[in-house]
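Before any comments, here is the structure.
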Amino acid sequence: MSKQEKGKGGLRALLLWPHTWMGVTLGGLLVLIFFMGSLSVFAPEIDRWMMPATRLPAPTAPISLDATMRPLLEQLQAPALAQGGRAQGWMVEMPEERVPVAWLRVRTTQGMEQALVTADGRRLPPPQTLGASGFFYPLHYCLLLRPGFVGYWIVALAAVAMLAGLVSGVVVHARLFADFFTFRPRARPQRALLDLHNLLGVLALPFHLMITFTGVVIVLPIVLPSGVSVLYDGNLTRFYNEAVAAYDRPAAGVAAPLLPLDPLVVRAKAMWQEGGGKEARVAQVTVVHPGDAAAYVRVTRFNDDRVTLHNQPIVFDGVTGALLLRGAPGPVVAAQRFMAGLHVVHFDHWTLRWLYFLQGLAGAVLIATGLLYWLEKRRARHGQGLAGWRVVAATTCATTTGLVIATLAMMAANRLIPATLAGRMGEEVGVFFLVWVGTAVHAAVHLRRHPQPPWAGHAWAIAGLAALCVVANWVTTGDTPWRAWALDRHAVLGVDAGLAVTVLLAVAAARRLGAARRRQAAPVTGGQLLKGANNA
Amino acid sequence: MPEAPFLIAVFALAYAGMALAALGLDRHWRDLVDPRRPASRRQVRCLRAGAIACGLAALAPALACDGMAIGLLLWISALTAGALAVGATLAIHTVMMAKPRA
Amino acid sequence: MTAGNLHTVARVLAAIAGTYALAWGFSALGAVAGARLGMAPAEATTLFGLLALLAVPAVALWALATRRLGRTWAVLAVGGVAMTLLARGMAP
Chain A
123 MSKQEKGKGG LRALLLWPHT WMGVTLGGLL VLIFFMGSLS VFAPEIDRWM MPATRLPAPT
183 APISLDATMR PLLEQLQAPA LAQGGRAQGW MVEMPEERVP VAWLRVRTTQ GMEQALVTAD
243 GRRLPPPQTL GASGFFYPLH YCLLLRPGFV GYWIVALAAV AMLAGLVSGV VVHARLFADF
303 FTFRPRARPQ RALLDLHNLL GVLALPFHLM ITFTGVVIVL PIVLPSGVSV LYDGNLTRFY
363 NEAVAAYDRP AAGVAAPLLP LDPLVVRAKA MWQEGGGKEA RVAQVTVVHP GDAAAYVRVT
423 RFNDDRVTLH NQPIVFDGVT GALLLRGAPG PVVAAQRFMA GLHVVHFDHW TLRWLYFLQG
483 LAGAVLIATG LLYWLEKRRA RHGQGLAGWR VVAATTCATT TGLVIATLAM MAANRLIPAT
543 LAGRMGEEVG VFFLVWVGTA VHAAVHLRRH PQPPWAGHAW AIAGLAALCV VANWVTTGDT
603 PWRAWALDRH AVLGVDAGLA VTVLLAVAAA RRLGAARRRQ AAPVTGGQLL KGANNA
Chain B
80 MPEAPFLIAV FALAYAGMAL AALGLDRHWR DLVDPRRPAS RRQVRCLRAG AIACGLAALA
140 PALACDGMAI GLLLWISALT AGALAVGATL AIHTVMMAKP RA
Chain C
275 MTAGNLHTVA RVLAAIAGTY ALAWGFSALG AVAGARLGMA PAEATTLFGL LALLAVPAVA
335 LWALATRRLG RTWAVLAVGG VAMTLLARGM AP
């Protein structure tokens with residue numbers, strides 16, 4: 123028994139070092155990934171907020187592709203065909219409840235054309251914003267560094283460190299069960315921070331293990347292409363085609379009329395329903411080589427009723443209507459698709475979406491409290507004269523409160539810069555990064571003369587920007603809460619409510635921090651920030 | 080919302096189970112029930128059995144509402160939410176108790 | 275650079291590069307073996323990728339925590355390279 127105890131103590135001591143230093147070096151990056159991932163749960167809703175023209179009611183009647191979308195697709199490719207180009211492909215992303223608009227994309231030998239249209243076929247002006255699904259979401263999974271998959275590699279490395287951090291954290295935790303529910307906000311800052319770190323780490327452990335593991339699983343063929351290298355000569359596309367049953371054939375070069383699309387969609391729906399269950403909705407319809415004798419039509423289903431991401435593609439010949447391929451993955455790939463679905467929570471379940479959102483934010487707080495605890499402990503032991511300490515302190519500040527400020531600044535810019543300005547898409551991104559760098563510089567300068575990062579100032583900035591976002595939305599779109607309620611614009615209502623809660627929490631934290639600073643000449647600490655949030 | 084009663088049952092049972100589990104721990108027993116005497120062994124056993132029973136019982140409405148895969152996911156997430164809510168309840172309780180009475 | 279720093283760098287390198295090499299070798303060898311034994315190549319590739327990922331955090335922690343760095347490097351690098359070469363040799 124005593125030997126076992128000693129063994130456990132030894133293991134604990136051995137794992138403390140990796141746990142600490144993985145957190146200190148990759149913690150800031152992980153906060154970014156968890157925060158942006160949490161926002162991505164509600165990406166369609168934030169998109170509606172950032173693209174007011176798309177705040178439309180959910181489509182109710184079935185949409186006829188031939189009557190509504192096909193004329194628009196032909197219109198989109200007409201200029202290219204007039205220049206002697208050839209049509210290569212059409213893609214229609216069908217509208218749904220959370221994204222009540224369709225994206226049409228047309229690829230020709232002359233290039234790509236795309237259009238945003240309503241369910242009844244009205245063309246909308248380009249949104250001039252990347253929105254949450256075009257900015258926050260890619261920031262979450264690849265840091266916007268797509269060339270050479272660099273961002274995927276960095277995020278996967280951080281995710282593996284997170285997994286190792288969770289496992290080592292459970293081993294390092296001295297009193298896992300005795301402290302299971304313990305959070306003492308009035309204790310000294312170090313104690314309160316460690317309490318919260320342990321509490322979130324232990325209680326949300328199943329979610330954090332699941333979300334981190336499944337996150338890497340999604341990009342596994344990209345970041346660990348060992349099997350692909352030996353079995354597919356490193357050709358990732360060939361692997362994916364085989365794994366999820368994609369279909370490909372070259373154009374014949376002979377013109378032939380394309381069949382009407384609606385009957386093919388009806389056939390696809392009937393095939394999906396063969397096993398029983400409720401009627402599946404169509405997610406995407408792709409036509410490759412439209413107008414060519416080798417044209418084919420690919421129809422995929424929407425997975426709002428189940429966890430898996432496998433969209434059961436069905437491929438028809440575009441001229442004869444013959445069934446060419448019906449995607450059915452093997453058991454392992456099906457399991458991989460299921461895990462991917464667990465990660466992205468696209469199925470229709472609002473309670474779980476909120477639980478994912480909150481547990482994701484809990485992950486960000488878990489990592490942030492770990493960083494703050496390290497800062498407090500380090501200061502107690504070495505003082506804060508060390509340059510390294512200030513670097514970590516400024517980084518921690520910039521990746522926590524600074525990140526929230528930058529996100530809110532981008533959303534405010536979205537509402538305040540007119541969408542008619544041609545470059546608004548880039549300006550929003552510019553605002554995000556400039557403000558983010560600004561918060562880092564501000565924190566670093568502040569730390570030269572103060573013992574703590576500028577928590578109170580950042581909390582006031584968060585409160586002010588979130589309030590500005592809400593008011594700017596009302597003024598520029600007229601969607602006040604009562605109007606949004608009357609028009610069933612729940613996405614707008616939800617984002618505004620989230621912003622309002624942010625204002626309240628930030629004001630409470632800022633006032634608490636200010637009061638603490640006035641009450642005692644002693645430095646305001648992160649622990650008091652937590653107290654503020656808790657007591658409010 | 081036809082699923083509302085199921086969801087309420089899932090969260091209520093998860094919270095109840097976690098609250099019983101907390102009472103089974105010495106620190107919270109002393110805070111909430113008796114600061115002088117720890118719970119007897121029998122009491123602890125009963126509390127733990129109750130906690131496990133409530134936690135398992137929460138699985139039933141989750142599965143009934145959402146089926147196997149999504150139901151399990153809901154159950155685990157609800158247990159986490161219940162545990163965090165109990166942690167928050169206990170923290171607020173200690174802060175309130177510690178406040179000097181005016 | 276002091277000996278302590280060098281030791282730290284070697285440990286971190288072992289945890290990142292060494293663990294990756296081992297995971298690469300294991301999943302490549304598993305994929306080839308699975309395909310040889312009649313699994314669909316996409317299935318074998320995915321299965322052994324997932325199994326490797328399950329082991330990666332634990333192996334990385336072991337590499338970071340271990341005191342005998344020479345042995346760690348030997349296991350990771352030799353194991354990774356050997357399995358990769360074997361997989362290449364067995365590849366169809």
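Chains as they are written, first to last, in this note's numbering: chain A, 123 to 658; chain B, 80 to 181; chain C, 275 to 366. Heads up, the beta-carbon is just placed ideally off N, CA and C, and yes, glycines get one too.
Cβ-Cβ distance between residue i and residue j below 8 Å
i	j	result
A/V421	A/L380	no
A/G440	A/V419	yes
A/L508	C/P315	no
A/H141	A/S290	yes
A/G453	A/V366	According to the sequence shown, residue 453 of chain A is Pro rather than Gly. Cβ atoms of A/P453 and A/V366: not closer than 8 Å.
A/F469	B/I149	yes
A/A286	C/A334	yes
A/L358	A/I340	no
A/G349	C/A305	yes
A/L331	C/A326	no
B/L99	B/L135	no
CB contact below 8 Å: residue i versus chain D
i	result
B/L86	The chain labelled as chain D is not found among the protein chains of the depicted structure, namely A, B and C.
C-beta neighbour in chain A for residue i, strict 8 Å
i	result
C/G323	yes
C/L335	yes
B/D110	no
B/L163	yes
B/H172	no
B/R106	yes
B/D113	no
Continuous beta strand (DSSP E) stretch holding residue i: start and end
i	result
A/I436	I436 to D439
A/Q312	Counting along the chain, A/Q312 falls outside any beta strand (DSSP E), though it belongs to the alpha helix (DSSP H) covering P311 to L325.
A/G213	In the sequence on display, residue 213 of chain A carries Met and not Gly. Note, A/M213: beta strand (DSSP E), A209 to E215.
A/V410	V404 to V410
A/L187	Where A/L187 is concerned, there is no enclosing beta strand (DSSP E), given that its DSSP letter is neither H nor E.
A/R423	Y418 to R423
A/L447	L445 to R448
A/M234	G233 to T240
Beta-carbon contacts of residue i that lie in its chain and below 7 Å, excluding the five residues immediately before and after
i	result
C/A351	G292 and A295
Neighbour flag for residue i against chain C, beta carbons, 8 Å
i	result
A/V292	no
A/K128	Residue confidence is low: A/K128 scores 48 on pLDDT, short of 50, so the model does not pin down where it sits. No coordinate-derived value is stated.
A/Q197	no
A/K125	Its pLDDT being 43, under 50, A/K125 is placed unreliably by the model, and the measurement read from it follows with that caveat. With 8 Å as the cut-off, A/K125 does not count as an interface residue toward chain C.
A/L315	no
A/F361	yes
A/R134	no
Spatial neighbours of residue i in its chain, beta-carbon cut-off 8 Å, leaving aside the 5 residues before and after
i	result
A/A502	Q312
A/V223	T176, L178, P217, L238, V239, T240, A241 and L246
A/L483	F156, F157 and S160
A/L497	W511, V514, A515, T518 and G648
Min CB distance residue i to chain B below 8 Å
i	result
A/A300	yes
A/A326	yes
A/R308	yes
A/A304	The sequence given here has Thr at residue 304 of chain A, not Ala. Yes - at least one Cβ of chain B is within 8 Å of the one on A/T304.
A/H471	yes
A/L321	yes
A/V487	no
Start and end residues, alpha helix (DSSP H) containing residue i
i	result
A/V223	Element bounds for A/V223: not the alpha helix (DSSP H) but the beta strand (DSSP E), V223 to T230.
A/V551	R546 to R571
A/A456	P453 to V466
B/M147	L138 to A177
A/L252	Counting along the chain, A/L252 falls outside any alpha helix (DSSP H), and DSSP gives it neither H nor E.
Sequence-distant residues of its chain with Cβ nearer than 6 Å to residue i (five each side left out)
i	result
A/A456	none
A/V553	A531, M532 and A535
A/L151	A280
A/P435	R420, T422 and G449
Assumed close pair residue i, residue j - CB separation to whole angstroms, cut-off 8 Å
i	j	result
A/G323	A/L488	5 Å
A/V214	A/M191	5 Å
A/V387	A/L187	7 Å
B/L153	A/L474	6 Å
A/P174	A/T599	4 Å
A/Q395	A/A402	7 Å
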